[in-house]
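Protein chains: 2
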Amino acid sequence: MQPPWRQPSRRFQPVDLVPEEQIEAIHETSLRILSEIGIDFLHPEARRLLAEAGATVDPDSNRVRFEPGLVEERISTAPSEFTIHARNPERNLHMGGDSVAFTAVASPPNVSDEISGRRTGNQKDFRNLVRLGQTLNTVHLWGGYPVEPTDLHPSIRHLEALFDLLTLSDRVIHAYSLGAQRNIDAVEMIKIARQIDDSRLLEEPSLISVVNASSPLRYDTPMLEGIMEFSSRNQVIVITPFTLAGAMAPVTVAGAVAQHNAEALAGIAFTQVVNPGAPVIYGGFTSNVDMQSGAPAFGTPEFMQTAMITGQLTRRYGVPYRSSGVNAANALDAQAAYESVFSLWGAIMGGAHVVLHAAGWMEGGLRASFEKMILDADLLGMVQRFLEPIDFSEGGLAYEAVKDVGPGGHFFGTPHTLDRFRDAFYAPLISDWRNFESWEESGRPEAKEKMVELVKMFLDSYEEPPMDPSVRAQLEEFKDRRIAEGGVETDY
Amino acid sequence: MQPPWRQPSRRFQPVDLVPEEQIEAIHETSLRILSEIGIDFLHPEARRLLAEAGATVDPDSNRVRFEPGLVEERISTAPSEFTIHARNPERNLHMGGDSVAFTAVASPPNVSDEISGRRTGNQKDFRNLVRLGQTLNTVHLWGGYPVEPTDLHPSIRHLEALFDLLTLSDRVIHAYSLGAQRNIDAVEMIKIARQIDDSRLLEEPSLISVVNASSPLRYDTPMLEGIMEFSSRNQVIVITPFTLAGAMAPVTVAGAVAQHNAEALAGIAFTQVVNPGAPVIYGGFTSNVDMQSGAPAFGTPEFMQTAMITGQLTRRYGVPYRSSGVNAANALDAQAAYESVFSLWGAIMGGAHVVLHAAGWMEGGLRASFEKMILDADLLGMVQRFLEPIDFSEGGLAYEAVKDVGPGGHFFGTPHTLDRFRDAFYAPLISDWRNFESWEESGRPEAKEKMVELVKMFLDSYEEPPMDPSVRAQLEEFKDRRIAEGGVETDY
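The listed protein sequences correspond, in order, to chains A and B. For the first sequence, the working numbering assigns the number 1 to the initial residue and increments by one for each residue that follows. For the second sequence, the working numbering assigns the number 1001 to the initial residue and increments by one for each residue that follows.
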């Protein structure tokens, strides 16, 4: 029913939405923000490392200022392409260049399905979303927990969740930067799952972690610990300021991107201060708020503009680019679809190499939806098909077929058609192309009904990906031991 | 509520989906189709003109063959840009270059609204759709009748419909090429509406007519009459082969486009044979069928591919490009939205100058929907906003605003925000950005409910655009006289 799993490539140049001089104007504004205003780094060790690297650290505050030359020099060591390794090597992914990858929704506190409704995230739904994502060939990696399993205490949640991600799925996994020990636990678990040692892990990035700036202009302690733990071990950091124009960034598109870019450059520079050459991805996430209510908005025209401009900036810096597949819809209606496709339009034409949240996100990230994951998998399938190469062979150009049919004929049933019709076109999961009469006879089903059916069908088709029982036992032993130790200290 | 009426511009380079050598491969295949297979032109006068121009006309059939050099020479006189005049000069449109324009749905036999359901097209609904389109600032011109008023006899339908389009709306109008006399009546009516004479009409294209090839490889008599009547008078012809890959064109994307391109080149060449320099638009309309059922499909990945490749071809030929905003949905659901946005993605990034059917089309063109027209107007509003220039002034780049707010602050209520928030972002018609709790309290409205409300609101806001009473009287007199004469002879 689905095309086979493979990582898509973009074979065309991404769009340069604005001229180069406007990209330079943003770049210069960002450098000025970094040199004159500066950014707060809340971790003393981060400030010490940055001072050592030549940044100006205010001794009386958390403020760090970067001379323009320092920023440009530091980011220059970030690699433009690299591979991330999955526990199943067939699921390794290339980041950068022409490659594209999609992740499922990450981190929503709530979850829903159309049968049981909306509820707080829990381990059962977390596991089922992981299972559903694992069945979908357009979910190439995990960008976080598809829903927060809030019934697990934060001290041990990461141990249970990483164990589930590593056993229920075979894709590249994400680990949250919520304090050094959580990153370190993830490192131990991926080493077991991949049966590799520290030196091999250093050569083969196998974990990805999103690090958000606290916009405007601040990096918090746990996020900085994540960079220090992961960049030093050559694991992948996705530096993603989350700036909503009009709220935590200026109300103008250019201003919001300039601030976002300053934050991103500071974060990327810090990864390279920690470990020159460490793999890092530039995360774009500038959207806008509804100026009447302050509500966040996604998949807007402004989101598309910032997604494409940010892509231009990342190409200037030679760093892989992360964007997002997002929407603010409450229902599985037209809005959910058009905001999602507009955000994909921005991401894909903007040159994103990895699109986070691309399957299952609703309500501006506050809810994961099983049915939305299916809808999005179909949208991503269409995008992936759009990215596939087109057959320009003699048979593809089809001169002989046109000649054989001639004026006034038709191509149904011709040998040229019969040889190719099975895979000629993308077969959608959801679209109902029946004529009105047939559609009406079958009870006028809307797209949502198909999504509900497909959730069940895909979950029923789920098979746990094979794992050597001894590896699984080691992983379980590690998880159980760390849980018995109390996991990570929390103050609640 | 809507941004003011204006024609959008695309300020970035459209996407080159495939490399130049693949565009050349299509071009060469098309020329080979035209020289070796040929195209049937069913009108003797057309064949005579083509023979005179150097084409090889088979004396025993309708077949016309074109040497490659002849095609290239003939199409070279087609202008790359021109203006189309509306009866209200503020609604004149530029075609080609960076300009973009959107039309409402054209020619469906059925119509629906969510209150009264689906029915056969009639004059009342036709008029209301014209009124609704007139209220929407993203409907820049008419691409045909927004629904067929089938309760009007075909002999006089064009007279009634053109009168309504010219009086209920002030936009550029389309006239069907369904036999010479209908084109001639349209010429007389636009001359009255614009109060211009033949020589001024010759200077100022004021009518647009879509001419479809009967794919594969055939031009029918009424369509050829349309070209002869309109191109000779310097009115705009949109040459649009309608090729569904797998049905009336090869099942391969490259083959379908090659055949489509051959048909388009032949049609464009014929407009230039009739009148070198006559304004002509290259209409792309290659989609695919569902290979299981044969049902036409729109807004598919293959549609996006053909839309972008066709755009590359039109840039090679230097002719303005028409694409379409389309879908095959039966309901106003997620499918209707995602197929529509995917088709807009293909059209806009492919470099289309005019997007037909962009507001109100459903069921693959078999139905116009009042609510879909509103949904699409919102989608087009988002696309138009995306195309708007971005403020890169000092205020736009917002360095001072970032400095004033500083790390950890927020931009709500700052002077920079207060000065700009009213127009900072596109205000959607339909999107509901409330949080889940507010949305639930208000009864969980889905997007369709908002569309229903908005149809009423926009129709209530309709005002007939002013027209000099004496002009209106002349127009009415012409229409009534031609109806009294029996209109155009039909055999039914």
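No residue lacks a Cβ here, since even glycine has one placed at the ideal position from N, Cα and C.
CB contact check: residue i to chain B, cutoff 9 Å
i: A331(A); result: yes
i: Q7(A); result: no
i: W433(A); result: yes
i: I26(A); result: yes
i: H416(A); result: yes
i: M382(A); result: yes
i: N122(A); result: no
i: R316(A); result: no
i: G364(A); result: yes
i: I115(A); result: no
i: P305(A); result: The question names Pro, but residue 305(A) in the sequence shown is Gln. True, the Cβ-Cβ gap to chain B drops below 9 Å.
i: I430(A); result: yes
Beta carbon of residue i nearer than 9 Å to that of residue j
i: G1126(B); j: V1355(B); result: Gly is not the amino acid found at residue 1126(B); the sequence shown has Phe there. Against a cut-off of 9 Å, the Cβ pair of V1355(B) and F1126(B) comes out as no contact.
i: L1168(B); j: F1458(B); result: no
i: G487(A); j: I173(A); result: no
i: A53(A); j: R74(A); result: yes
i: A193(A); j: R87(A); result: yes
i: R420(A); j: G381(A); result: no
i: A1398(B); j: V251(A); result: yes
i: D1185(B); j: L1159(B); result: yes
i: V402(A); j: I1033(B); result: yes
i: V1210(B); j: T1240(B); result: yes
i: V1064(B); j: T1077(B); result: no
i: V1326(B); j: S1293(B); result: no
i: P1149(B); j: Q1123(B); result: yes
i: Q1474(B); j: D432(A); result: no
i: P205(A); j: H85(A); result: yes
i: I281(A); j: Y321(A); result: yes
i: L1042(B); j: N1062(B); result: yes
i: V1147(B); j: V1111(B); result: yes
i: P407(A); j: D170(A); result: no
i: P222(A); j: L178(A); result: yes
i: M304(A); j: F342(A); result: yes
i: A295(A); j: R1434(B); result: yes
i: I1039(B); j: L1313(B); result: no
i: W1439(B); j: N330(A); result: yes
Test: residue i CB closer than 9 Å to a CB of chain A
i: Y1426(B); result: yes
i: T1150(B); result: no
i: K1448(B); result: yes
i: F1458(B); result: no
i: L1132(B); result: no
i: W1361(B); result: no
i: H1410(B); result: yes
i: R1171(B); result: no
i: G1097(B); result: no
Integer Cβ distance of residue i from residue j, believed to fall under 8 Å
i: H1094(B); j: Q1235(B); result: Between Q1235(B) and H1094(B) the Cβ distance is about 16 Å, and since that is not below 8 Å, they are no contact.
i: S324(A); j: H357(A); result: 5 Å
i: A1249(B); j: G1255(B); result: 7 Å
i: S9(A); j: L387(A); result: 7 Å
i: A1359(B); j: L1136(B); result: 7 Å
(request) Would you list, in chain order, the members of the region 225-245 of chain A that have their beta-carbon closer than 8 Å to a beta-carbon of chain C? (result) Checking the listed chains, one finds no chain C in this structure; the protein chains it contains are A and B.
(request) Within the region 1141-1225 of chain B, note down every full alpha helix (DSSP H) run reaching 4 residues or more, in order along the chain. (result) 1154-1168, 1180-1194, 1198-1203
(message) Taking contact to mean 3 or more Cβ pairs, one atom from each stretch, closer than 8 Å, check whether the region 1247-1263 of chain B and the region 1019-1035 of chain B are in contact.
(response) yes
(request) Take every Cβ of the region 267-278 of chain A, pair it with every Cβ of the region 289-300 of chain A, and state whether three or more of those distances are shorter than 8 Å. (result) no
(message) Give the list of continuous beta strand (DSSP E) stretches no shorter than 3 residues that lie fully inside the region 1414-1463 of chain B.
(response) none
(message) Whether or not the region 1102-1121 of chain B and the region 1423-1436 of chain B are in contact is what I'm after, with contact meaning three or more pairs of Cβ atoms, one per stretch, closer than 8 Å; do they touch?
(response) no
(request) Ignoring anything shorter than 4 residues or poking outside the region 1302-1363 of chain B, list the alpha helix (DSSP H) runs there in chain order. (result) 1334-1349
(request) Would you be able to state if there are at least three C-beta pairs under 8 Å between the region 1001-1017 of chain B and the region 1217-1229 of chain B? (result) no
(request) Say whether the region 1447-1454 of chain B touches the region 1366-1374 of chain B, bearing in mind that this needs 3 or more beta-carbon pairs closer than 8 Å, one atom from each stretch. (result) yes
(message) At 3 residues or longer, what runs of the beta strand (DSSP E) sit wholly inside the region 1228-1282 of chain B?
(response) 1236-1239, 1243-1245
(message) Quick check on the DSSP output: what are the complete alpha helix (DSSP H) runs of length 4 or more inside the region 1021-1061 of chain B, in order along the chain?
(response) 1044-1052
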